[in-house]
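Contents: one structure, followed by commentary.
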């Protein structure tokens, strides 16, 4: 009975984490480039009162054994990097990644981070930056004389300058970064991810080559959160939590009845 209390408590803890994760997914349903988290669970250690295959009477073996579990735990929360819906914004500085890959940005400290949020803007110097002002790497600066900006599917950035509308000038190229294990990236908020030992080293490539996707000018990638699925997950986690609390109350009542018998 006491064991049932602790086992049910682990179930309550697991479902609390599941609800926290689902709530975060729903909260970011409209966040550009957001990737939903998926909670992964594992069962805990088993107490072997009789091991499967152990000897029984007259040289026979027990076919199944008697193993009592100790509950569950959260093994991890995995980011799911499927592509979200692409929405046409008609903003020339909005660039979505259609397929695999991340934009590389440089923090003020010089460290590199990675994002799927292609809502790019210009800073006071005319350089392409994220909505938080972090420079896109490699750095690309749009001249003040530019009257039109074009981003090709291969990331090539070209402009038309005032007085030379029939000619385009190539300024540079957006590159994308892919990882061997993107689920190993560390989410840092602000739509940024950091490289870890689990993700592997960043592999820089031209859009459309070496396994990375294409760039789509005038589009933004929305989150890959399916609200209906998340609401179903939320209800399931809530019900599972309630069942575990009921198991705790049942074990507590049984323990109280046993205590009364001893008195």
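Numbering (UniProt numbering), first residue to last: 1 to 263.
Glycine is no exception: its CB is placed at the ideal position from the N, C-alpha and C atoms.
Among the options, whose alpha-carbon lies nearest the alpha-carbon of residue i?
i           : options               : result
residue 179 : 118, 113, 220 and 157 : 113
residue 238 : 2, 13 and 3           : 13
residue 93  : 129, 171, 75 and 206  : 129
residue 172 : 232, 189, 164 and 150 : 150
residue 30  : 65, 16 and 87         : 87
residue 122 : 111, 146 and 89       : 146
residue 34  : 73, 200 and 102       : 102
residue 72  : 56, 16, 235 and 21    : 16
residue 240 : 4, 18 and 3           : 18
Pop quiz: residue i and residue j are said to be a contact at Cβ under 8 Å. What is the actual Cβ separation, rounded to whole angstroms?
i           : j           : result
residue 81  : residue 105 : Wrong, their Cβ atoms sit about 18 Å apart, outside the cutoff.
residue 212 : residue 100 : 6 Å
residue 36  : residue 185 : The Cβ separation is near 14 Å, so there is no contact.
residue 46  : residue 67  : 4 Å
residue 161 : residue 169 : 6 Å
residue 174 : residue 74  : No, residue 174 and residue 74 are not in contact; Cβ-Cβ is about 37 Å, not under 8 Å.
residue 248 : residue 5   : 6 Å
residue 69  : residue 52  : Contact flag wrong, Cβ pair sits at about 14 Å.
By the 10 Å Cβ neighbour count, where 16 or more other Cβ atoms means buried, how is residue i classified, buried or exposed?
i           : result
residue 157 : buried
residue 221 : buried
residue 7   : buried
residue 115 : buried
residue 84  : buried
residue 235 : exposed
residue 97  : buried
When you compare only the Cα positions, how much space is there between residue i and residue j?
i           : j           : result
residue 131 : residue 117 : 9 Å
residue 32  : residue 191 : 8 Å
residue 63  : residue 49  : 14 Å
residue 43  : residue 10  : 10 Å
residue 246 : residue 253 : 11 Å
residue 126 : residue 207 : 23 Å
residue 209 : residue 215 : 12 Å
residue 233 : residue 223 : 17 Å
residue 154 : residue 110 : 26 Å
residue 38  : residue 59  : 47 Å
residue 187 : residue 143 : 34 Å
Let me check you understand the geometry: is the CB of residue i closer than 8 Å to at least one non-hydrogen atom of the ligand ADP?
i           : result
residue 243 : Ligands are entirely absent from the displayed structure, and the ligand ADP is therefore not among its contents.
9 Å is my cut-off, CB to CB: does residue i come that close to chain C?
i           : result
residue 201 : Included in the structure is just one protein chain, with no chain C present.
Which ranges does the beta strand (DSSP E) cover as unbroken runs of at least 3 residues, wholly within the segment 98-153, from first to last along the chain? 102-106, 112-115, 135-137 and 146-151
Taking only runs that begin and end inside the segment 231-259, name each unbroken alpha helix (DSSP H) of 4 or more residues, in chain order. Segments of the alpha helix (DSSP H) lying fully in the segment 231-259: there are none.
Quick one: which unbroken beta strand (DSSP E) runs of 3-plus residues sit fully inside the segment 152-194? Chain order, please. 156-161, 164-173, 176-178, 186-189 and 192-194
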